[in-house]
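Numbering (the numbering used here), first residue to last: 66 to 546.
C-beta atoms are modelled at their ideal positions from N, C-alpha and C, and glycine is treated no differently.
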Ligand code: 5AD
């Protein structure tokens, strides 16, 4: 890890090693890639589209999508653009590529060619290489982003940015903690500093690439202060390496007031911390993820969940919303189901466009709580790491000062436990080592006592279990039967 913008010579030296990891690395010529990127039309540049949406107070819709073969991938994206009305398009990367297992990805491509159907759960961009990425992007009319879940995404970033993508999702914390058991946090942060430095290099050369830390983390009852703390640390890490267009994310919890307050505070706090460390010229936008937890199997019910996420995204004033499909309970959706999720969402984002929620007392109170919690965590973490962002993150997780519920990573304390209050807002049932003062703790305890009294049972772990399954069973709060 490094606590400054990586020196150019060091970056260039590291690049050689990265590009050697797979033969398509040789296709990357950084100077040529920069002139290629400069010729991309602004309407197809992620940062331009986000800025326009922010200015016009519009909430953009974006799906997830990726299949193994270039032609089928293009066809899928075209359908999501034309039929689904996607404002922004993804390319979801397959699991082999996410684990740097390019040989197996290659076998998957070959099997897919042989059988004519996608045998990978995403698009293996590293194996396909620079020119195939460009070919696909050139045939579409909206900006494209790489979405993945890759702890070491250095080669993927080199190839996809040279390949014309204008946005890159992930981060050294958010693509570690929820995604694996044994990845060293120090290593993933170091590897992501390279990715951020690459984007910083493009920026130095006049090319703006959007960076999006992955907001929802485990997608399971993650209280806003936890995802905000991670998003802000990753924003600081990215800004330090020269990124100037950052989209911070949050996964819908389901309580309207809390979700609106979360998006509003996420934007405010990210800008406040960036300014505090001297990164005044970063454009900050927000992404709201529709419900990331378990979904109902029934399609009509799934549309209900999707629609509620769409409505909340607009009311919260999010710059974009990542859309679920009615097939969510079963896995990767068909093109049609994916487009249907988009259409449901867009119907609401457009209908509600002029109804962004004003800060009512309830929203204001909730914002104050989220702010106090997030500031408590970040101040403790930054103090522990002496304002070195990478070191702070590593030590903060070690000490359990940031603790992501239900994360598989061994470097995560897994002591804090969330549960819903009587109105469905996500609170803490167990604080673990979170650095909250007594007043904050009392607030949570009272909220859970209120629920327990209503349900005529004690505050207990059973509530957590009931809450995890509630939405898929048609409820928000997991009440006893
Ligand atoms: N195409 C569409 N959606 C995908 N997801 C993962 N891979 C793909 C893909 N290739 C979705 C899952 C889940 C979310 C985390 O990502 O269905 O909704």
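{"Asked": "For the segment 446-453 and the segment 490-497, state whether three or more C-beta atom pairs, one from each stretch, are separated by less than 8 Å.", "Found": "no"}
{"Asked": "Could you spell out where the alpha helix (DSSP H) holding residue 492 opens and where it closes?", "Found": "Taken as a continuous stretch (DSSP letters only), residue 492 belongs to no alpha helix (DSSP H), being part of the beta strand (DSSP E) at 491-495."}
{"Asked": "Work out the CA separation of residue 544 and residue 395 for me, nearest whole Å.", "Found": "25 Å"}
{"Asked": "Going by the beta-carbon positions, is the gap between residue 190 and residue 157 smaller than 8 Å?", "Found": "no"}
{"Asked": "Which residue from 460, 410, 367 puts its Cα closest to that of residue 537?", "Found": "367"}
{"Asked": "Out of 196, 277, 174, which has the shortest C-alpha to C-alpha gap to residue 186?", "Found": "174"}
{"Asked": "Measure how close the beta-carbons of residue 462 and residue 481 come, nearest whole angstrom, since I'm counting them as under 8 Å.", "Found": "Between residue 481 and residue 462 the Cβ distance is about 12 Å, and since that is not below 8 Å, they are no contact."}
{"Asked": "Can you name, in chain order, every residue of its own chain whose Cβ lies under 8 Å from the Cβ of residue 170, other than the five neighbours on each side?", "Found": "159, 161, 162, 185, 189, 191, 192"}
{"Asked": "Out of 478, 69, 381, point me to the one whose CA is closest to residue 464's CA.", "Found": "478"}
{"Asked": "With a Cβ-Cβ cutoff of 8 Å, do residue 55 and residue 115 count as a contact?", "Found": "Not covered by the structure: residue 55. The range shown for the chain is 66 to 546."}
{"Asked": "Which residue spans inside the segment 308-394 form an unbroken beta strand (DSSP E) run of at least 3?", "Found": "310-316, 348-354, 385-387"}
{"Asked": "Within its chain, find whatever has a CB closer than 7 Å to the CB of residue 517; leave out the 5 residues flanking it on each side and keep chain order.", "Found": "523, 524"}
{"Asked": "Suppose the cutoff is 7 Å on Cβ atoms and the five residues either side in sequence are ignored; what does the same chain contact list for residue 103 look like?", "Found": "271, 272"}
{"Asked": "Using a Cβ-based criterion (distance less than 7 Å to any ligand heavy atom), does residue 82 qualify as near ligand 1?", "Found": "no"}
{"Asked": "If I follow the unbroken alpha helix (DSSP H) through residue 401, where does it start and stop?", "Found": "400-416"}
{"Asked": "Report yes if the C-beta distance between residue 547 and residue 351 is below 8 Å; otherwise report no.", "Found": "Residue 547 lies beyond the stretch modelled for the chain, which goes from 66 to 546, so this question has no answer here."}
{"Asked": "Considering only residues of the segment 93-174, which uninterrupted beta strand (DSSP E) runs meet the minimum length of 3 residues and lie entirely inside it, listed in chain order?", "Found": "125-127, 154-157"}
{"Asked": "Helix, strand or coil: how does DSSP classify residue 69 here?", "Found": "coil"}
{"Asked": "Can you give the Cα-Cα distance for residue 126 and residue 414, rounded to whole angstroms?", "Found": "8 Å"}
{"Asked": "Following a CB-centred definition, is residue 418 positioned closer than 7 Å to any heavy atom of ligand 1?", "Found": "no"}
{"Asked": "Between which two residues does the beta strand (DSSP E) containing residue 232 stretch?", "Found": "232-234"}
{"Asked": "For residue 106, count neighbouring C-beta atoms within 10 Å of its own C-beta (all shown protein chains included) and say buried if the count is 16 or more, exposed if not.", "Found": "exposed"}
{"Asked": "Three-state secondary structure (DSSP) at residue 206?", "Found": "coil"}
{"Asked": "By Cβ distance, which residues of its chain are closer than 8 Å to residue 213, with the 5 residues on each side in sequence left out?", "Found": "157, 158, 162, 163, 187, 221, 234, 235, 240"}
{"Asked": "With H, G and I counted as helix, E and B as strand and the rest as coil, what does DSSP make of residue 482?", "Found": "strand"}
{"Asked": "Would you check if the segment 417-433 and the segment 297-317 touch, i.e. whether three or more CB-CB distances between them fall below 8 Å?", "Found": "no"}
{"Asked": "Express the C-alpha separation of residue 410 and residue 426 in angstroms, rounding to a whole number.", "Found": "28 Å"}
{"Asked": "Taking the alpha-carbon positions, what's the residue 86 to residue 506 distance?", "Found": "49 Å"}
{"Asked": "Can at least three beta-carbon pairs, one atom from the segment 288-308 and one from the segment 255-268, be found at a separation below 8 Å?", "Found": "yes"}
{"Asked": "What are the start and end residues of each continuous beta strand (DSSP E) run of 3 or more residues lying completely inside the segment 232-288, in chain order?", "Found": "232-234, 275-277"}
{"Asked": "Leaving out five residues on either side along the sequence, give the residues of the same chain with a beta carbon under 7 Å from the beta carbon of residue 328.", "Found": "315, 351, 353, 381, 382, 383"}
{"Asked": "Cβ-heavy atom distance between residue 388 and ligand 1 below 7 Å?", "Found": "no"}
{"Asked": "Between residue 134 and residue 177, which are expected to be in contact by the criterion C-beta below 8 Å, what is the C-beta distance as a whole number of angstroms?", "Found": "5 Å"}
{"Asked": "Can you check which of these residues, 77, 397, 512, 331, is closest to residue 437 by C-alpha distance?", "Found": "331"}
{"Asked": "Would the C-beta of residue 396 count as close to ligand 1, meaning under 7 Å from any of its heavy atoms?", "Found": "yes"}
{"Asked": "Can you give me the C-alpha to C-alpha distance between residue 247 and residue 476, rounded to a whole angstrom?", "Found": "8 Å"}
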